[in-house]
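Below is one structure, written out as structure tokens; the observations come after it.
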Amino acid sequence: MTTEEPRTIRVLHYFAFPGGGIGRYVHELLTRMAREPGLDVELACIPSYHYRREATYPLWPGLREITHPLPIRRRMRFAINLFVNPLRAVRRAKQSGARIIHLSTIPHVTFAWWSRALRRSGIRLVATAHDVRRSQGLVWHAYEIEQLKRLYRACDALFVHSEYQKRDLIDFAAVGAEKIHVVPHGPYDYGRPSASKEELRRRYGIPLDKQVALFFGDIRPDKNLDLFLRAMAPYKDRLFLVVAGQA
56 MTTEEPRTIR VLHYFAFPGG GIGRYVHELL TRMAREPGLD VELACIPSYH
106 YRREATYPLW PGLREITHPL PIRRRMRFAI NLFVNPLRAV RRAKQSGARI
156 IHLSTIPHVT FAWWSRALRR SGIRLVATAH DVRRSQGLVW HAYEIEQLKR
206 LYRACDALFV HSEYQKRDLI DFAAVGAEKI HVVPHGPYDY GRPSASKEEL
256 RRRYGIPLDK QVALFFGDIR PDKNLDLFLR AMAPYKDRLF LVVAGQA
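Heads up: the sequence shown runs through residues 56 to 302, numbered per this note's numbering.
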């Protein structure tokens with residue numbers, strides 16, 4: 056009697072932006088997923104993906120580029136590629152034999168358009184909901200929210216970073232709890248500090264005797280900086296806040 060070897064699972068991971076916080080998360084995730092036995096993972100990305108050179112996992116830079124130095128061209132590319140890139144990903148998954156498409160950027164606005172091709176392919180869909188809801192719409196917010204809910208419900212599995220997000224996803228989209236998986240957001244290795252704590256605090260004008268809270272990244276309404284400031288208010292005598300980002 057022979058023992059059959061476990062079947063390899065092929066996954067096409069979808070990320071349609073150059074980088075940012077989610078881009079770093081995708082890079083770290085795929086670096087580790089590529090080492091897992093029985094798992095064959097490939098990233099579908101745009102040509103300007105920030106981690107192309109250092110990636111140790113297979114890449115397919117066949118998604119249509121969204122970046123452009125002119126703002127009007129950049130907005131046009133972004134809008135067009137909401138239609139084009141999900142279909143390219145479905146075609147790539149069929150060509151490569153992937154059984155699963157994993158979304159790390161979620162093209163929900165055009166879900167009604169590309170979901171038909173996905174259904175015909177028989178490929179499973181999963182997604183990481185880094186942000187469960189969308190506070191702003193691109194064109195028609197109410198319609199886009201309904202499409203986001205439909206996409207969540209169509210997924211075979213969903214990943215979030217906390218139990219709070221899991222409850223929020225259930226409340227928001229009426230998704231069954233059994234297909235939501237909590238994967239805590241781990242720390243990244245940024246290497247050794249460039250100087251001592253005391254020297255860095257002096258350099259950036261940070262008091263030596265206070266605990267530091269850091270808020271960094273894009274400053275947008277959905278990042279809840281106002282809520283963070285209110286939460287810090289009772290501890291202002293012993294905390295020092297550093298806000299590093301762009302509005």
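Virtual Cβ for every residue (Gly too), placed ideally from N, Cα, C.
By the 16-neighbour rule on beta-carbons within 10 angstroms, ILE121 is buried. By the Cβ neighbour-count rule, GLN150 is exposed, with fewer than 16 other Cβ atoms within 10 Å of its own.
As the crow flies, the alpha-carbon of ALA209 is around 20 Å from that of VAL238. Residues of the same chain with a CB within less than 7 Å of the CB of THR86, apart from the 5 flanking positions on each side, are THR111, TYR112 in chain order. Counted as a single uninterrupted DSSP element, the alpha helix (DSSP H) harbouring ALA144 occupies residues 126-151. A distance of 9 Å or more separates the beta carbons of LEU114 and PRO141.
For LEU173, no beta strand (DSSP E) run applies; the uninterrupted alpha helix (DSSP H) run containing it begins and ends at 166-176, by DSSP.
A residue is called buried when at least 16 other Cβ atoms come within 10 angstroms of its Cβ; GLN266 does not meet this threshold and is exposed. Linking TRP169 to LEU269 through their CA atoms gives a straight-line distance of about 39 Å. Under the three-state reduction of DSSP, ARG189 is assigned to coil, being neither helix nor strand.
An exposed status is given to ILE127, since fewer than 16 other beta-carbon atoms sit within 10 Å of its beta-carbon. In the three-state reduction of the DSSP assignment, GLN266 falls in the strand class, which pools E and B. When secondary structure is reduced to three states using DSSP, ASP244 falls in the coil class, being assigned neither helix nor strand. Counting the other Cβ atoms within 10 Å of the Cβ of PRO162 gives 16 or more, which makes it buried. Beta-bridge partners assigned by DSSP to VAL298: PHE270.
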